[in-house]
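Just so we're aligned, residue 1 is where the sequence shown starts under the UniProt record's numbering, counting upward by one.
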Amino acid sequence: MTQTQHTTSTRSRKAKAMGLLTIPVEVLDEIAGYLSYSSRFALSLTCRALHTWIDNPYCTSKKRDKLLSERLSQSRCPVIKPKDLFEIEMWPAYMKQDNLQMAHGYFACGECVRLRRARHFTNAMMKGKRGKIGSGTIEQRSKRVCIQCCLRLGRFSPGTTFYFGGAEVHGFGIICARCRRYEGYEDYHWNRSDTCGGCLLMYEMPVRHYSLYEKSVEDYLAQARHVTHLVINQKTASSQRRREEEAKKQRSKETQEETKRRQKTTAGDASLRATESLLLSHLRVSYPDSRNFPLF
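This is the structure in structure tokens:
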């Protein structure tokens, strides 16, 4: 063995001896205890051994008086906090890439705690202190909310329009002033009104005034739903009119029967009075001397 080969083998042995995997598990656990979640998670992704050894930072079974092997054998229940996710979004893998036309890759939502593409955020949410490259802190960036969460929380008023997705997407969003449904357009195919395409078609607004608007499957579905609602409303109205007519006929019939009954009662009373008068006249003729004849 030459001197060069001996030096190379010695260096390789030293490098292998000083590797991270040769550190005792307890020491590795102590080092990992000083790392944040994002740093610990990145360390666990370097190799399979570290992925097995690095403990979950938010495991409910984590006890400092237990060995790592005992904690790994127990069930894990990870709970990612928003501040950890806002650290992860700064990784190079989630930043802007040349082969993907996105505005700085992915962004974290402080409400649903997810990493989502830039097309799911308004441009206002990705700028200033809430942006990635701004001067805002993690607490300020945690106020960033995706479009779906804004819709769920009711932060958009009817008729609101906004841009989304950044300069690469050229997105334009609409909160319909009629149905309050969200509709987004990309690549300058914008509907420049405050009404979605379905309501434009539903309320027979002239589409020729919006030359850049293109009908989608949702527009035809909205038209079909509108026709269905019209048919249902028409049937409901006809049924209501039929019930009202039947009730009117029933009231008219009852009124006629009541009138006939009253007429019969009046005729009977008149016949009885005529009979009484005739009988009284007959008695007076038969008994002329009886001035005060107690007939009744």
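Each residue gets a CB set at the ideal place from its N, CA and C atoms; glycine is no exception.
Do G110 and P82 have their C-beta atoms within less than 8 angstroms of each other? Yes, the Cβ-Cβ distance between G110 and P82 is below 8 angstroms.
Per DSSP, which residues does F86 bridge with? Please list them. DSSP links F86 through a beta bridge to no other residue.
Determine, using beta carbons only, whether Y106 and E89 come nearer to each other than 8 angstroms. The answer is yes: Cβ separation under 8 angstroms.
Beta carbon of C146 nearer than 8 angstroms to that of H120: Pairing C146 with H120 gives a Cβ-Cβ distance under 8 angstroms.
If you draw a straight line from the alpha carbon of E183 to that of C176, how long is it in whole angstroms? Rounded to the nearest angstrom, the two C-alpha atoms are 8 angstroms apart.
When the distance is taken between beta carbons, is N123 closer than 8 angstroms to F164? Yes. Within cutoff.
Would you mind working out which of M126, T137, C179, L200 sits nearest A167, comparing C-alpha positions? It is M126 whose Cα lies nearest to the Cα of A167.
Other residues of its chain near K143: CB distance less than 7 angstroms, five sequence neighbours each side excluded: Once the five neighbours on either side are set aside, the close Cβ partners of K143 are G110, R130.
Give every residue of the same chain whose Cβ lies closer than 7 angstroms to the Cβ of I54, excluding the five residues on either side of it in the sequence, and list them in chain order. Annotation for I54: A32, R40, L43, S44 place their beta carbon closer than 7 angstroms to its own, counting only its chain and skipping 5 residues before and after.
Checking the sheet assignment: what are the DSSP bridge partners for A108? In the DSSP output, where bridge partners are listed per residue, A108 has L115.
Helix, strand or coil at E257 according to DSSP, with G and I counted as helix: Three-state DSSP puts E257 in a helix.
Report yes if the C-beta distance between C149 and C179 is below 8 angstroms; otherwise report no. No. Outside cutoff.
In the DSSP assignment, find the alpha helix (DSSP H) that holds G171 and state where it starts and stops. Membership of G171 in any alpha helix (DSSP H) is not indicated; the residue belongs instead to the beta strand (DSSP E) covering 171-175.
For residue 300, which residues of its own chain have a beta-carbon under 6 angstroms away from its beta-carbon, when the five flanking residues on both sides are left out? Residue coverage of the chain in this structure runs from 1 to 296, which leaves residue 300 outside it and unanswerable.
Would you mind stating whether T236 and D194 have Cβ atoms separated by less than 8 angstroms? Not a contact, by the Cβ cut-off of 8 angstroms.
Taking 8 angstroms as the limit between beta carbons, can you name the residues of its chain near H282, skipping five residues before and five after? Within its own chain, no residue has a Cβ closer than 8 angstroms to the Cβ of H282 once the five positions on either side in sequence are excluded.
Considering F41, what are the terminal residues of the alpha helix (DSSP H) in which it resides? Note, F41: alpha helix (DSSP H), 37-44.
Let me know if G268 comes out buried or exposed under the rule of 16 or more other beta-carbons within 10 Å of its beta-carbon. Burial call: exposed.
Could you check whether the Cβ of C47 sits closer than 8 angstroms to any Cβ belonging to chain C? Protein chain content of the structure displayed is limited to a single chain, and chain C is not contained in it.
Label Y185 either buried or exposed according to how many other C-beta atoms from any shown protein chain fall within 10 Å of its C-beta, with 16 as the threshold for buried. Buried is the label assigned to Y185, since at least 16 other Cβ atoms lie within 10 Å of its Cβ.
With DSSP collapsed to three states, give me the class of T137. Three-state result, T137: coil.
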